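Heads up, the thing below is written out as structure tokens.
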Amino acid sequence: MGKRFLLVGGVFSFCLLALVCTRCGKKAEKPANAIMVWHWMTDRNDAFVKLAEKYEKETGVKVNFELYAPSDAYSQKIIAAAQAKVLPDIYGILDKKEIIASFIQSGFVADLTEEFKANNSAWEKSLFPKALSVNKFETDNIYHVKPGIYGVPIDVTNIQMLYNRKLLKKAGIDQPPVNFKEFLTAVQALKAQGITGLVSGWGELWMADCFASNYAFNIMGESRVMATFKGDVPYTDPDWIKVLSIFKDLQNKGALAEGIVTKANKFAEQDFALERAAFAFNGSWCVNVYHDMNPDLEYGAMLPPPINGALPMKIWGGAGSSFVVNNLSAQKALAINFLKWLTAKEQQAFLSTETRNLPANQEALTQIPEILSQFASSMNNTTHPTIWPYNEDALVIEAFDKGIQSIIIGEKTPEQVAQDVQTVKDRQMAKKRSKNKS
Amino acid sequence: MGIAKIKKFSLAQFKDYLENYLFILPAVAIFSVFYIYPFYDIFRLSLHDWNGITPFREFVGLANFQEIMRDQNWWGSLWHAGYITLIALTFQNALAFALALACDRDIRMKKFYRVVFYLPPVLSEVVVGLIWQWILQAGTQNGQQIGLLNYFLNFIGLPHLVNDWLSDPKTALTCIAVVHSWKGFGWGFIILLAGLQTIDRQLYEAAKVDGAGSLSVFKNITLPLMIPVIFVVVILTILGSMQVFVLILSMVGQGLVYHTEVPVTRILASMTGTNRFGYACAQGVIFGFILVLVSFSLNKISNKLKQA
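First to last, the protein sequences are chains A and B. Per our numbering, residue 1043 is the first one in the first sequence, and the count goes up by one each step. Per our numbering, residue 2 is the first one in the second sequence, and the count goes up by one each step.
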């Protein structure tokens, strides 16, 4: 009896296991009139949910927004979902252009060019060209992706310098500095008053990289930056040493907030909002963040003060957040219709007001706060790695960014870092060459 | 007659075997699906160059492993994990043992202390990291230090000790190691306390009657009887400390140059930072192999000590 019981138990548990294993591989069935959106934007989730409710009322199509944060975790989830082919109908890719290209080449992203070009390009024309450009692949792009538009920007962003009016006034500075020399002078005046100069979340390496990139464009121009990525200009070039020396100068003059090299941007935002630093280097999303932390903060936005007056100061910007449509989705048409609706003037104005972000739709730019207008006024100065014809190798970027940290903490000189970066660059170039040969 | 007996025996034995195997089948299946297959797949991927998305994976043989051998940042990260482990083995376990010894005696509010000491391990590593980041942060506002530790140092008249703790290569890793030990000592405390409570009280009483002092009792009774438990704590400490990374991410973000890198953060950097999944898998295989080797060695030492 006991043995029989055990035998039946064993068979039962095996069947249960088999059942669990087979169910694991099955996708949950979804109603035909529903679409799933995965996103990472914690600050915009409530607004998205409200818009989804409105859309369901208008069209009968249910839109489920699922939030996965922080953005790093979201990126990993997207890659894992792509590997398992379980991507949602709409999602965003928060990664390098090379990775976006991989998603497209693997058939995970729908080509939306025809939709954008329909009705005399009505959809395309309604959006900021700069915002759309990050979602475009031009003819003869280095990633060998079929030219076209693959993503839909839902807002616009750019990364600039912010200054605290009250703290500048306290240090006797009436106007924000217009060049780097003036900036260093202003920092000295602030320091004399016991006020920290610049704060930024350089513990997130891409932000320090962005700052360096701004000055690289200003010091040596876009063509020479691209030539470096191609391997024609070495990092040991005097211009690159000049770029790296900015960090040394900033540190030597006491311009940087203590602990800046390991500071997460959230803490840097807190420092600026709580008036612990006079300048910040941050993106336009900060308007919402600062408002939540300190609604009375008096501040303005400005371009990073240039070093070279002969070349323009380029800042990173363009589409803040973009969505793509899953090419394998059965609800592709519904997903595209929803994105068209989401980027229409009314919805964009709602998103802009609710979340204090710059809208992607040009017509929705009316009635935005003054500080957002200041950010918007610099849109012509924006550039972004996703629209550059060449991108640097990821290992070289890592060596460059870690090198910036080394300079700030006084461990290495700009020349040493330049040499280290070039060594990595040479190694990666050699690897690429041998790969191409084989 | 004899053959019939053998046949009968064999059939019964076969049934018995079948029954036994049937029972371990679910466990074997789960182990195979969730442990053996992933390990096999990771090893297979480690022989490829792959960005994690495209269906195309280029077979590169042992090239990833060869590159790891030359990767100074990787070996540096192992050294850092070793340093954190060393601090945990000494500072964390000494603290855990001392507190366990104290709580094993008849002291007032014994239960309260047990709960308090066990609090840090149950807190989320992210929360602990952020709290300590706030404590250790540098910077001033209106002339006042904003970090709690620096504020305290200033307050007690030691302003020369004020430091940028997490951005100074001399102190960043030690700070992480100390916070890791603070968070982890509760585990050791509970295990060691449980071990201490299994020691027969009569042994202590007999030693007392014989006139043995506290140190002698500890050296000759407590320590020898606690060796198996101490080894369990040592193995758990090594495995836990070598794999620390959440605390590092929440305390210093993407790290202070390469000074706070540990193997798991390097694997993460290879996987999500530079999109080299094959290389990350090779790093994972090597790291796993090192951990298995350490565990086996410790197990062997423990068995030898038990026999001695």
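Glycine included, each C-beta is placed from N, C-alpha and C at the ideal position. Bear in mind that the values here come from a model prediction, so they are computed numbers and not experimental data.
Name, in chain order, the residues that DSSP records as bridge partners for Phe66 (chain B).
-> Per DSSP, Phe66 (chain B) has no beta bridge partner at all.
Any C-beta of chain B under 7 Å from that of Gln1447 (chain A) | For Gln1447 (chain A), the closest Cβ of chain B is nearer than 7 Å.
In angstroms, rounded to a whole number, what distance separates the CA positions of Val235 (chain B) and Thr223 (chain B)?
-> Taking the Cα positions, Val235 (chain B) is about 17 Å away from Thr223 (chain B).
Could you name the residues of the segment 1101-1118 of chain A whose beta carbon sits closer than 8 Å to any beta carbon of chain B, in the order they occur along the chain?
-> Taking 8 Å as the Cβ-Cβ cut-off against chain B, the residues of the segment 1101-1118 of chain A that qualify are Asp1114, Ser1117, Gln1118.
Run down chain B in chain order and give the residues with a C-beta less than 7 Å from the C-beta of Ser1144 (chain A).
-> Correct list: Asn52, Ile54, Thr55.
Who are the neighbours of Gly1236 (chain A) on chain B, taking C-beta pairs under 8 Å?
-> Listed along the chain, the chain B residues whose CB falls inside 8 Å of the CB of Gly1236 (chain A) are Thr141, Asn143, Gly144.
To which residues of the same chain is Asn1379 (chain A) closer than 7 Å at the C-beta, ignoring the five residues directly before and after it?
-> Its chain contains no residue whose beta carbon lies nearer than 7 Å to that of Asn1379 (chain A) once the 5 sequence neighbours on both sides are disregarded.
Quick one, which of A:Ala1094, A:Gly1342, A:Gly1301 has its alpha-carbon nearest Phe1417 (chain A)'s?
-> Looking from the CA of Phe1417 (chain A), the closest CA among A:Ala1094, A:Gly1342, A:Gly1301 belongs to A:Gly1342.
Cβ of Glu1180 (chain A) within 6 Å of any heavy atom in the ligand MG?
-> Absent from the structure shown: the ligand MG. Ligands present: none.
Starting from the beta carbon of Leu1437 (chain A), find every residue of chain B whose beta carbon is closer than 7 Å, and list them in chain order.
-> What Leu1437 (chain A) touches in chain B: Thr275.
For Glu1246 (chain A), decide whether its Cβ has a neighbour in chain E, counting only Cβ atoms nearer than 7 Å.
-> You won't find chain E in this structure, because its protein chains are A and B.
Quick one: what's got a C-beta closer than 6 Å to Leu1292 (chain A)'s C-beta in the same chain, skipping five residues either side?
-> Taken in chain order, the residues that qualify are Leu1298.
8 Å contact criterion, which Phe1365 (chain A) and Tyr1133 (chain A) should meet: CB distance rounded | In this structure Phe1365 (chain A) is in contact with Tyr1133 (chain A), their Cβ atoms being roughly 7 Å apart against a cut-off of 8 Å.
Can you list, in chain order, the residues of its chain whose CB lies under 7 Å from that of Ser1113 (chain A), leaving out five sequence neighbours each side?
-> If you ignore the 5 residues before and after Ser1113 (chain A), its C-beta comes within less than 7 Å of the C-beta of Trp1082, Leu1136, all in its own chain and listed in chain order.
For chain A, is any of its Cβ atoms less than 7 Å away from the one on Asp107 (chain B)?
-> Answer no: the Cβ-Cβ gap between Asp107 (chain B) and chain A never drops below 7 Å.
Name the residue from A:Ala1402, A:Glu1434, A:Thr1428, A:Ile1413 whose alpha carbon lies nearest to the alpha carbon of Leu1169 (chain A).
-> Looking only at A:Ala1402, A:Glu1434, A:Thr1428, A:Ile1413, the smallest Cα-Cα distance to Leu1169 (chain A) is reached by A:Ala1402.
Determine the extent of the beta strand (DSSP E) in which Thr1238 (chain A) is found, giving its start and end residues.
-> Counting along the chain, Thr1238 (chain A) sits inside the beta strand (DSSP E) bounded by residues 1238-1241.
Count the other C-beta atoms from every protein chain shown that fall within 10 angstroms of the C-beta of Pro1427 (chain A), then say buried if there are 16 or more, exposed otherwise.
-> Answer is buried; the Cβ neighbour count reaches 16.
Name, please, each residue of chain B whose Cβ falls closer than 7 Å to the Cβ of Lys1444 (chain A).
-> Ordered by position in chain B, the residues that pass the 7 Å Cβ test against Lys1444 (chain A) are Val258, Tyr259.
Are the CB atoms of Val245 (chain B) and Ile88 (chain B) nearer to each other than 7 Å?
-> Going by C-beta atoms, Val245 (chain B) is not nearer than 7 Å to Ile88 (chain B).
Answer yes if the segment 1441-1451 of chain A comes into contact with the segment 1172-1189 of chain A, meaning at least three C-beta pairs across the two stretches below 8 Å, and no otherwise.
-> No, the segment 1172-1189 of chain A is not in contact with the segment 1441-1451 of chain A.
Which runs of the alpha helix (DSSP H), 4 residues or longer, sit entirely within the segment 1162-1187 of chain A?
-> Segments of the alpha helix (DSSP H) lying fully in the segment 1162-1187 of chain A: 1171-1175.
Under 8 Å between beta-carbons, which chain B residues line up against Ser1148 (chain A)? List them in chain order, please.
-> Result: Ile54, Thr55, Pro56.
For the segment 237-259 of chain B, which residues have a beta carbon sitting closer than 7 Å to at least one beta carbon of chain A?
-> Residues Val253, Gly254, Gln255, Leu257, Val258, Tyr259.
Cutoff 8 Å; reference Gln14 (chain B); Cβ partners in own chain excluding five residues on either side | Excluding sequence neighbours, Gln14 (chain B) sits near nothing in its chain.
Leaving out the 5 sequence neighbours to the left and right, which residues in its chain are closer than 8 Å to Ala195 (chain B) when beta-carbon positions are compared?
-> Val230, listed in sequence order.
So what does DSSP say about Gln146 (chain B), is it helix, strand or coil?
-> In the structure shown, Gln146 (chain B) sits in a strand (DSSP, three-state: E or B).
With 16 as the cutoff for other CB atoms within 10 Å, does Gly140 (chain B) come out buried or exposed?
-> So Gly140 (chain B) ends up on the buried side.
For Ser1476 (chain A) and chain B, any beta-carbon pair shorter than 7 Å?
-> With 7 Å as the cut-off, Ser1476 (chain A) does not count as an interface residue toward chain B.
Quick one: give me the first and last residue of the beta strand (DSSP E) that Asn1106 (chain A) is part of.
-> First-last of the beta strand (DSSP E) with Asn1106 (chain A): 1104-1109.
Alpha carbon of Ile228 (chain B) to alpha carbon of Val293 (chain B), nearest angstrom | If you take the alpha carbons of Ile228 (chain B) and Val293 (chain B), they lie about 21 Å apart.
Proximal residues of chain B, C-beta to C-beta of Ala1124 (chain A) below 7 Å | Identification of chain B residues near Ala1124 (chain A) by a Cβ-Cβ cut-off of 7 Å yields Ile54, ordered along the chain.
In its own chain, which residues sit with a C-beta less than 8 Å from the C-beta of Val1329 (chain A), not counting the 5 before and 5 after it?
-> Non-local beta-carbon contacts of Val1329 (chain A) in its own chain, meaning distances under 8 Å to residues more than five positions away in sequence, involve Arg1398, Asn1399, Pro1411, Ile1413, Leu1414, Phe1417 in chain order.
Straight-line gap, Ser1144 (chain A) to Lys1138 (chain A) (C-alpha atoms, nearest Å) = Spanning the two alpha carbons is a distance of roughly 10 Å.
Cα separation between Asn1324 (chain A) and His1333 (chain A)?
-> For the pair Asn1324 (chain A) and His1333 (chain A), the Cα-to-Cα distance works out to about 14 Å.
Going by beta carbon distance, what residues of the same chain come within less than 7 Å of Gln198 (chain B), once the five residues before and after it are set aside?
-> Hits under 7 Å: Asp105.
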